[in-house]
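In my numbering, the protein residues as written are 137 to 421. Glycine included, each C-beta is placed from N, C-alpha and C at the ideal position. All figures in this text were calculated on a predicted structure; none of them were measured in a lab.
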Amino acid sequence: MKLQSVKDCFMLANGVGIPCVGFGTWKIPDGAETEAAVGHALAAGYRHIDTASAYRNETGVGRAVRESGIERDQIFITSKLRNPEHGYDNAIEAFGRTMDNLKLDYLDMYMVHWPIAKPHRDRWQEDVIETWRFFEEQYQKGTVRVLGVCNFLPHHLKPLLAACEVRPMVDQIEIHPSFLQDEAVAFCKAEGIQVEAWGPFANGKLFEVADIQEIARDKQRTVSQVTLRWLLQKDVLPLPKTTTPARIIENTQLFDFDLTDDEMRRIDAIQGCGNSGLFPDTVDF
Ligand SMILES: NC(=O)c1ccc[n+]([C@@H]2O[C@H](COP(=O)([O-])OP(=O)(O)OC[C@H]3O[C@@H](n4cnc5c(N)ncnc54)[C@H](OP(=O)(O)O)[C@@H]3O)[C@@H](O)[C@H]2O)c1
137 MKLQSVKDCF
147 MLANGVGIPC
157 VGFGTWKIPD
167 GAETEAAVGH
177 ALAAGYRHID
187 TASAYRNETG
197 VGRAVRESGI
207 ERDQIFITSK
217 LRNPEHGYDN
227 AIEAFGRTMD
237 NLKLDYLDMY
247 MVHWPIAKPH
257 RDRWQEDVIE
267 TWRFFEEQYQ
277 KGTVRVLGVC
287 NFLPHHLKPL
297 LAACEVRPMV
307 DQIEIHPSFL
317 QDEAVAFCKA
327 EGIQVEAWGP
337 FANGKLFEVA
347 DIQEIARDKQ
357 RTVSQVTLRW
367 LLQKDVLPLP
377 KTTTPARIIE
387 NTQLFDFDLT
397 DDEMRRIDAI
407 QGCGNSGLFP
417 DTVDF
């Protein structure tokens, strides 16, 4: 399907459509700032909001969604289980808190935020599988429509896929020019798992890289637009974050141009903004 707007969907393995650009909310303070940013995003056409228990802004996200006046079933909302909340019993409480914060009857997607929680590092596989049992129950009950994971590389996905009854439908990993994660993307594609890109602008570092500036100039688009378009053309779902109203709109204007194969290759080859250093096997939380 040719994507034509920010509201168009990628189709997940269970038949649920997920709007093809998500609005990231990490580091946006809860309260007025989150409400304003998410409100602007919904007004600009986004129908997919990415929050997490760890971002501590679920309350503002929920309020902005309710105040938007947009029908609940037109908005796709993701939240995530924090590392200290791994484990079946902990997950019951954590999910309850998330739903209280958001004030929703159901969540569109619930994700395991990281595969390896520091307190359970020596038994992370059992830990993930036990946590996943709670996720599967929510899916069967209909309180969650889509199950996802974040920061799972193939060696984290394999034991989960071998043990689960309901497979993860989405994996959210760090991807941006100079950090392509090709192996994880190929693995997910082969397994029918939709990939989402967190940090598509390398948390802002990308805007300083001369090569992407040059490609954007040649294309008469902005750095953010060529980057988000590059992800969409790889069938990867980007999660750009900005609190700046003009940028919120700019980051939706992706559907009236294509990148050529040569332009895609030029962006693939970009170096210069490294990665976040948040590696799933070693995160210290
Ligand atoms: N699952 C995970 O472990 C994980 C980890 C990290 C992030 N995430 C998700 O991914 C989302 C995005 O990642 P991120 O927040 O790290 O950063 P990002 O989206 O890569 O970059 C955000 C930065 O780019 C700037 N920006 C955005 N659009 C711009 C534009 N058009 N022109 C110029 N500057 C622009 C923003 O500035 P202003 O806001 O000042 O405009 C901000 O400084 C997060 O918000 C979160 O939802 C998930």
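How many angstroms separate the CA atom of residue i from the CA atom of residue j?
i	j	result
W162	K377	7 Å
M305	P295	15 Å
R183	R357	23 Å
D398	E262	44 Å
H312	E386	18 Å
V362	R208	31 Å
I422	D417	Nothing about residue 422 can be read from this structure; the chain reaches only from 137 to 421.
G181	F391	13 Å
E273	K355	48 Å
S98	K239	What the structure shows of the chain is the stretch from 137 to 421, and residue 98 is not part of that stretch, so it cannot be assessed.
Y224	D404	40 Å
C324	N411	20 Å
A190	M400	34 Å
Go ahead and label residue i buried or exposed: buried means 16 or more other beta carbons lie within 10 angstroms of its beta carbon, across all protein chains shown.
i	result
K277	exposed
S141	exposed
F393	exposed
A176	Residue 176 is actually His in this sequence, not Ala. Buried, since its Cβ has 16 or more Cβ neighbours within 10 Å.
R365	buried
I228	exposed
G196	buried
Q330	buried
I154	buried
E344	exposed
R199	buried
A346	exposed
Q210	exposed
E319	exposed
D186	buried
I206	exposed
G328	exposed
G423	An answer regarding residue 423 cannot be provided, because it is not within the stretch 137 to 421 covered by the chain.
Based on DSSP bridge pairs, tell me the residues matched to residue i.
i	result
W268	For W268, which the question treats as bridged, DSSP gives no partner whatsoever.
L333	Residue identity check: residue 333 is Ala in the sequence provided, not Leu. In DSSP, A333 forms a bridge with I309 and P374.
G160	D186
Y275	None, per the DSSP bridge assignment.
Y246	S215 and L283
C145	P155
For residue i, does the three-state DSSP call read helix, strand or coil?
i	result
K216	strand
F315	strand
P416	coil
D263	helix
Q407	coil
T396	coil
I351	helix
F438	Residue 438 lies beyond the stretch modelled for the chain, which goes from 137 to 421, so this question has no answer here.
E221	helix
G340	helix
V345	coil
R357	coil
K138	coil
D209	helix
A253	coil
C324	helix
D166	coil
D241	coil
Relative to the alpha-carbon of residue i, which residue among the options has its alpha-carbon at the smallest distance?
i	options	result
N219	T187, T267, P381 and G232	T267
Q317	K216, V372, L297 and R233	V372
F271	A382, K254, H256 and Y242	Y242
P251	H292, E344 and L238	H292
W402	D236, I348 and N150	Before going further, note that residue 402 is Arg rather than Trp in the sequence given. The option with the nearest alpha carbon to R402 is I348.
V157	T396, Q369 and L395	Q369
T234	D258, V280 and P290	V280
F337	Q407, T396, K325 and G328	Q407
P290	G284, A322, E310 and R269	A322
G160	A188, E319, H249 and E301	A188
S204	A253, P255 and V174	V174
M245	R353, N150, Q389 and H222	N150
R383	L395, V359, F212 and W260	V359
N193	A333, D166 and F212	D166
Using beta carbons (cut-off 8 Å, strictly below), is residue i in contact with chain C?
i	result
D417	In the structure shown, chain C cannot be found, because there is only a single protein chain.
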